[in-house]
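Read in my numbering, the sequence shown has 196 at position 176, and its numbers run on one by one without any break.
Built from N, CA and C at the ideal position, the CB exists for glycine as well.
Okay, structure first, notes after.
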Amino acid sequence: MVYQYDVKFRFSNGFDDSLVDWEKSLTVIRHFLAHLFIEIASSIMSPPGKLIQFHNCTILRDGHIMREDLWVRDSKIVNPEPVFYDEKVIADLKIDCGNALIVPGFIDLQINGGFGFDFSTPKEDIATSINMVAKGILQHGVTSFCPTLITSTPDKYREIIPKIKIQNGGKHGAGVLGIHVEGPFINKEKRGAHPIQHVKSLKNGIDDVINTYGTLYNIRIITLAPELDVKGSVIEELVRQGITVSLGHSTCSLSDGEKAVAHGASFITHLFNAMLPFHHRDPGLVGLLTSEKLPPNKKIFYGIIADGIHTHPAALRIAYNANPKGLVLVTDAMSAMGLQPGTYNIGDQKVDVTNTCAVVSGTQTLSGSIATMDSCIRFLLKSVGCSLVEAIECATLHPAQVLGITKSKGTLNFGTDADFVFLNSNLEVEATYINGSCVWSKDFDAL
């Protein structure tokens, strides 16, 4: 993050304080001190090879909240028993957590931007947009995310996709797991805020995908409408190349959805939104949550925007009760997340933002959200009545399962990356850690 120091002083026969913007000066100083303290804390708390003990805390592990210390060494969560009994060493550093609840770092699989930056139409270079959002979402407990691009022109994709790099998280911000490309292979009838002039078909199969994006490099998720890929050959090829295929912006039947899952699709993009409404004779994509025709051992996950706008609490309860282990919280946040009400861009669309929602200018069509991941967890817990563990796993374990990265992300199991969040009794984020280092703290931010 860049801070500008532009306080002006004038000296003559004395100090003229009329030229000083004191409020702005104090804000700059507070930001500088917060940045400095995090730098110092990170260097102290994560010395190479040193054993760190986080105590006076409860932790979420193996589906339970337990009173237990968390141990970290070399950016990984470690089992203390062999350390004690085999190495016969104690902690090099003990950190009192103030009775916080420690949970895995949150993972957002669908986020279009935030804090004034839109990934599909970056005002500056795309790296700056990614970095600014990555830094900003630390305060909401997000330690990893998939920058999401909406329906755009081939030229725009070819310009942006190669510049979004997979990168580890740290003091600079949350880690980038890969790109989520939402479109342009979607149904025009359910395009939502996606510009209709850029929506494309798949008549030439996988060649259309490659020719449109220019490359599949660094793409982790692709949202498409399954009715455009009747034979399933595109889905099969994308999955073969390690890409998660998500079904969405679609008018498909349940049968079409089941066939897509049989070909390898494993995720549904923002359930209930941009798809046919549930019908008792053909429930469409929603029916996949309880389908008995999915391949053996095949699990379907579904994204939910739990902001109280995109999904009614009753719909949340229906989805959760139908398939609790498949629910994945996503923000689908756009550039106005973290900003005041106004007009902003998402892709090539102008969007009007109020205190509660974002809509395509001049319409009532929802266009992304202004939700944050921590607020989604709180809303889900309040609306569904699930356990605290179940709510948190919808933002940690489940998204990690979607991408197949549970050996490193999404849990506090031994050997995983030391990405975790301190929560208070109101489930508000108190501090965010990546690789065992403090990268954001409410105490520092309040300076």
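- As a beta-bridge residue in DSSP terms, Y453 pairs with F440 and C458.
- DSSP places K114 in the strand class (E or B) of the three-state scheme.
- Note that the C-beta distance between G190 and V459 is below 9 Å.
- Between the C-alpha atoms of V449 and V441 there is a straight-line separation of about 7 Å.
- For F74, the uninterrupted beta strand (DSSP E) run begins and ends at L71 to R81, by DSSP.
- Ranked by Cα distance from N365, the options I79, H290 and A213 are led by A213.
- For T264, the pairing in a beta bridge is given by DSSP as I241.
- Taking the Cα positions, T171 is about 20 Å away from Y322.
- Judged by their CB atoms, L80 and V409 are nearer to each other than the 9 Å cut-off.
- Scanning M152, S273, T363 and S407 for the CA closest to the CA of S311 turns up S273.
- In the three-state scheme derived from DSSP, where H, G and I count as helix and E and B as strand, A326 is classed as coil.
- Distance from I206 to H300 at the Cβ level is roughly 25 Å; contact not present, criterion being Cβ atoms closer than 8 Å.
- As DSSP reads the structure, E410 sits in no beta bridge.
- Note that the C-beta distance between L267 and V254 is not below 9 Å.
- By the C-beta density criterion, I288 is buried, having at least 16 other C-beta atoms within 10 angstroms.
- In the DSSP assignment, T163 falls within the unbroken beta strand (DSSP E) covering V162 to L169.
- Put simply, of Y340, S164 and A451 the residue whose alpha carbon is nearest the alpha carbon of G307 is Y340.
- Nearest in C-alpha terms to E278, of all of L314, P297 and G193, is L314.
- Its chain contains D116, C117, G118 and N119 as the residues whose beta carbon lies nearer than 7 Å to that of N76, once the 5 sequence neighbours on both sides are disregarded; these appear in chain order.
- Taking a cut-off of 8 Å for Cβ pairs, the stretch 332-352 and the stretch 366-380 do not touch, as fewer than three such pairs fall below it.
- The beta-bridge partner set that DSSP reports for M86 consists of I79.
- A straight line joining the alpha-carbon of I325 with that of A111 spans about 41 Å.
- Here Y453 has F440 as same chain residues with Cβ atoms under 6 Å from its own Cβ, once five neighbours each way along the sequence are excluded.
- With a threshold of 16 other beta carbon atoms within 10 Å, Q130 meets it and is buried.
- In this structure, the alpha-carbon of N433 lies about 35 Å from that of T235.
- Out of D175, D128 and I184, the CA that lies nearest to the CA of P204 is found in D175.
- As DSSP reads the structure, G133 sits in a beta bridge with D138.
- If only complete runs of 3 or more residues are kept, the stretch 253-322 shows the beta strand (DSSP E) at 264-267, in order along the chain.
- DSSP lists F440 as the beta-bridge partner residues of P124.
- For the pair D94 and A415, the Cα-to-Cα distance works out to about 25 Å.
- Judged by their CB atoms, F165 and I127 are nearer to each other than the 9 Å cut-off.
- Comparing alpha carbon positions, the residue from G328, G405, T374 and N293 closest to K210 is N293.
- Exclusion of the five residues before and after V109 leaves L71 and V103 as the residues of its chain whose Cβ lies within less than 7 Å of its Cβ.
- Counting along the chain, no beta strand (DSSP E) covers A335; the unbroken alpha helix (DSSP H) around it starts and ends at P333 to A342.
- The beta carbon of D145 sits closer than 8 Å to the beta carbons of K183 from its chain, once the five residues preceding and following it are set aside; these are given in chain order.
- For the 9 Å CB-CB criterion, S389 and A353 form a contact.
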